[in-house]
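For reference, the structure discussed in these notes is given below.
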Amino acid sequence: MSALEFLKKGAKSLEASEPDPATALAMVHDLQMELCDILETIADLLPDRHDRRQCAELSQTLVPLITRLHRFEDDVLFSSALQRSSVAEPVSRAIKRFRGEHSEDEFRMEELSELLRELGRERQPENPEAAGYLLRSVFEAVRRHCAYEREYLSSLLEEGS
Numbered sequence: 000m001s002a003l004e005f006l007k008k009g010a011k012s013l014e015a016s017e018p019d020p021a022t023a024l025a026m027v028h029d030l031q032m033e034l035c036d037i038l039e040t041i042a043d044l045l046p047d048r049h050d051r052r053q054c055a056e057l058s059q060t061l062v063p064l065i066t067r068l069h070r071f072e073d074d075v076l077f078s079s080a081l082q083r084s085s086v087a088e089p090v091s092r093a094i095k096r097f098r099g100e101h102s103e104d105e106f107r108m109e110e111l112s113e114l115l116r117e118l119g120r121e122r123q124p125e126n127p128e129a130a131g132y133l134l135r136s137v138f139e140a141v142r143r144h145c146a147y148e149r150e151y152l153s154s155l156l157e158e159g160s
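Each step along the sequence shown adds one to the number in numbering that gives the first Met the number 0, with nothing skipped, and position 142 is 141.
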């Protein structure tokens, strides 16, 4: 199974299996870390050794995948964290921040999807340095976001599981 197939299958199984909130958070983050690893590999292989087919496929699935994971977090995990917390105001502020970062991530993913489409068509990007920078800025931001979410939400979601 390719990494891309793993991502698609993982997103579907997450919604179908309805795991406890702490497990679901770990699953969402595992999928996002796998995506980051794929993006890092593409960045490392620029300017001309990247897998064009993988880039073309990822350009089609990237935005729907991230949007689906974010909606799951927003609708299921964040509401669960709010229900389990005895201090609603700080948790509410943190969740507002996470949702804002989701919007920023989705905007970056749109941009990245265009780059991946280009990488899927052409052997070398027009500007390899800019392409590498965009890829790295996206996967580094996603990794930071997941680390902060995990640090902040894990204990809340484990309470009452």
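In this text, a Cβ means the ideal position worked out from N, Cα and C, and glycines have one as well. Note that the coordinates shown come from a computational prediction; the quantities given were computed from them, not determined experimentally.
Local Cβ density within 10 Å of residue i, reported as buried at 16 or more and exposed below that
i: LEU81; result: exposed
i: PHE106; result: exposed
i: VAL86; result: exposed
i: ASP104; result: buried
i: GLU72; result: buried
i: PRO63; result: exposed
i: SER79; result: buried
i: GLU148; result: buried
i: PRO20; result: buried
i: SER16; result: exposed
Endpoints, alpha helix (DSSP H) assigned at residue i
i: HIS144; result: 127-157
i: SER58; result: 51-71
Residue i, DSSP secondary structure in three states
i: SER91; result: helix
i: LEU44; result: helix
i: ASP19; result: coil
i: VAL75; result: helix
i: ARG96; result: helix
i: ARG83; result: helix
i: ARG122; result: coil
Taking three-plus beta-carbon pairs below 8 Å as touching, is the segment 45-59 in contact with the segment 112-121?
-> yes
The segment 6-16 touching the segment 126-136, judged by at least three CB pairs closer than 8 Å = no
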